[in-house]
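Inspection log for the structure reproduced underneath, given as structure tokens.
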Amino acid sequence: MQKTVMPHVIDLPRIYDPRGNLSFLQNNDGIIPFAIERVYWIYDVPAGEERGAHSHHEGKELLIALAGSFNVNLFDGKEWHHFILNRPFQGLYVPPGYWRTLDNFSSGSVCMVLTSTPYDETDYVREFEEFMKLAENGKA
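Below you can see the structure in the form of structure tokens.
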């Protein structure tokens with residue numbers, strides 16, 4: 002099954018100011034392609050550790066590097082897509098059906114994740130083998 006929406010970087014609003022810049026997000030502003038249902042952040046990741054290692058059936062996400070940098074690796078069942086997030090005014094949109102891992106966290110990095118669904122364990126695919134079976138059947 003061909004995925005209709007690919008992962009992509011979204012430029013967020015940015016207000017320039019000599020005292021420091023400001024970026025913001027608002028529900029239903031047309032920038033984020035979903036209504037925000039949950040927000041969480043990942044921080045204090047030890048050197049060499051990996052986060053993620055799962056996929057979602059329905060949940061959409063926007064990942065933002067609020068501080069520092071990290072890599073986001075996405076797999077659609079056939080091809081890997083790699084992104085480096087290091088700008089707080091850009092977010093990576095991740096549609097459902099992509100296996101994701103996050104790695105190479107710089108010291109002090111903070112990853113904020115906005116999601117389209119509240120937490121629901123049944124939305125997660127946590128085993129790579131299960132993800133591959135779903136992908137092979139066009140259901141990832």
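Residue numbers (my numbering): 2 to 141. Glycine residues also receive a C-beta, built at the ideal position from the N, C-alpha and C atoms. In this text, all values refer to a predicted model and were calculated from it rather than measured experimentally.
In terms of alpha-carbon separation, which member of the options lies closest to residue i?
{"i": "residue 112", "options": "69, 61 and 58", "result": "69"}
{"i": "residue 79", "options": "89, 34 and 138", "result": "138"}
{"i": "residue 84", "options": "77, 96, 71 and 90", "result": "71"}
{"i": "residue 53", "options": "122, 136 and 104", "result": "104"}
{"i": "residue 87", "options": "81, 55 and 106", "result": "106"}
Could you please give the first and the last residue of the uninterrupted beta strand (DSSP E) stretch that includes residue i?
{"i": "residue 36", "result": "Run containing residue 36: none; DSSP gives neither H nor E here."}
{"i": "residue 27", "result": "Premise fails: residue 27 is in no beta strand (DSSP E) and is neither H nor E."}
{"i": "residue 152", "result": "The question about residue 152 has no answer here: the residues shown for the chain are numbered 2 through 141."}
Grab me the residues of residue i's own chain with a C-beta within less than 7 Å of its C-beta, minus the 5 sequence neighbours each way, in chain order.
{"i": "residue 124", "result": "57, 58, 59, 60 and 118"}
{"i": "residue 38", "result": "116, 117, 118 and 119"}
Can you grab the Cα-Cα spacing for the pair residue i / residue j, in whole Å?
{"i": "residue 67", "j": "residue 9", "result": "17 Å"}
{"i": "residue 140", "j": "residue 133", "result": "10 Å"}
{"i": "residue 109", "j": "residue 63", "result": "20 Å"}
{"i": "residue 102", "j": "residue 96", "result": "14 Å"}
{"i": "residue 51", "j": "residue 43", "result": "11 Å"}
Which first and last residues belong to the alpha helix (DSSP H) in which residue i is found?
{"i": "residue 131", "result": "129-137"}
Bridge partners of residue i, per DSSP?
{"i": "residue 72", "result": "85 and 104"}
{"i": "residue 142", "result": "A query on residue 142 cannot be resolved here, the shown segment of the chain reaching from 2 to 141 and no further."}
Enumerate in chain order the residues of its own chain whose CB-to-CB distance from residue i is below 6 Å, with the five nearest sequence positions on each side excluded.
{"i": "residue 40", "result": "115"}
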